[in-house]
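One structure is given below, encoded as structure tokens.
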Amino acid sequence: MKVLMVCLGNICRSPLAEGILKHKAHENNLRIEVDSAGTAAYHVGNLPDERSIEVARKYGIDLTNQRARQFRLQDFEEFDVIYAMDSENYNNILKLASSTSDESKVKLILNEIEPNSNSSVPDPYYDGDEGFENVYQMLNLACKEIVLRLKK
Ligand code: 4NP
Numbered sequence: 107m108k109v110l111m112v113c114l115g116n117i118c119r120s121p122l123a124e125g126i127l128k129h130k131a132h133e134n135n136l137r138i139e140v141d142s143a144g145t146a147a148y149h150v151g152n153l154p155d156e157r158s159i160e161v162a163r164k165y166g167i168d169l170t171n172q173r174a175r176q177f178r179l180q181d182f183e184e185f186d187v188i189y190a191m192d193s194e195n196y197n198n199i200l201k202l203a204s205s206t207s208d209e210s211k212v213k214l215i216l217n218e219i220e221p222n223s224n225s226s227v228p229d230p231y232y233d234g235d236e237g238f239e240n241v242y243q244m245l246n247l248a249c250k251e252i253v254l255r256l257k258k
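Counting in my numbering, the sequence shown runs from 107 upward without gaps.
What follows is the structure, given as structure tokens:
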């Protein structure tokens with residue numbers, strides 16, 4: 107199973123989602139591969155945002171081995187599930203899909219906790235630390251649900 111987490115810049119939300127899901131997979135002896143990417147290229151090659159690194163560190167998760175990369179068409183082949191953090195990313199990824207099989211891989215991550223709610227993980231880039239804590243908590247719940255499903 108290969109899971110890709112996608113946001114806009116791949117420096118705030120999707121690196122957290124990647125780190126949290128990897129951590130939970132390890133704790134549960136689940137063998138899944140997790141990566142993340144951004145729909146935009148602004149931050150390619152950069153470390154995650156310091157505020158994401160800090161909030162993850164607080165919960166025992168290290169994000170400093172991650173570097174931002176842009177989403178690429180090949181990701182549709184390589185990954186089984188592509189989780190978008192918000193509806194804008196979701197729509198932008200769907201625009202790149204070239205088959206119904208590609209399309210069926212793309213999901214909104216918060217639908218894992220609230221099916222069909224189509225809600226978005228808010229972009230915390232212009233927020234303070236509390237925005238990052240809020241994003242962490244949402245993604246922690248979503249990743250908990252993903253792990254529960256995969257264990258079945
Ligand atoms: P992310 O957050 O999509 O969660 O990584 C953002 C990072 C950078 C920008 C916007 C959102 N930006 O405009 O540079």
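In this text, a Cβ means the ideal position worked out from N, Cα and C, and glycines have one as well. All of these numbers come straight from a predicted model, not from anything done at the bench.
Quick check: is any heavy atom of the ligand 4NP less than 6 angstroms from the C-beta of residue i?
i      : result
Leu114 : yes
Asp229 : yes
Ile215 : no
Ile117 : yes
Tyr148 : yes
Could you tell me whether the Cβ atoms of residue i and residue j are closer together than 7 angstroms?
i      : j      : result
Ala190 : Val140 : no
Asn152 : Ile126 : no
Phe182 : Leu110 : no
Taking the alpha carbon of residue i as the reference point, which residue from the options has its own alpha carbon closest?
i      : options                        : result
Ser210 : Ile219, Ile199, Leu216         : Ile199
Glu124 : His149, Asp233, Ile215         : Ile215
Glu194 : Asn224, Ser142, Leu245         : Asn224
Met244 : Leu122, Val109, Lys108, Met107 : Leu122
Would you mind reading off the limits of the beta strand (DSSP E) that contains residue i?
i      : result
Ser158 : No beta strand (DSSP E) holds Ser158; the alpha helix (DSSP H) holding it covers 156-164.
Considering residue i, what are the terminal residues of the alpha helix (DSSP H) in which it resides?
i      : result
Glu251 : 235-257
Lys128 : 119-133
Ser226 : No alpha helix (DSSP H) holds Ser226; DSSP gives it neither H nor E.
Lys213 : Unbroken run through Lys213 is the beta strand (DSSP E), 212-214; no alpha helix (DSSP H).
Asp181 : 180-184
Tyr196 : 193-202
Inter-stretch contact at 8 angstroms, needing at least 3 Cβ pairs: the region 149-164 / the region 131-138: No: fewer than three Cβ pairs fall under 8 angstroms.
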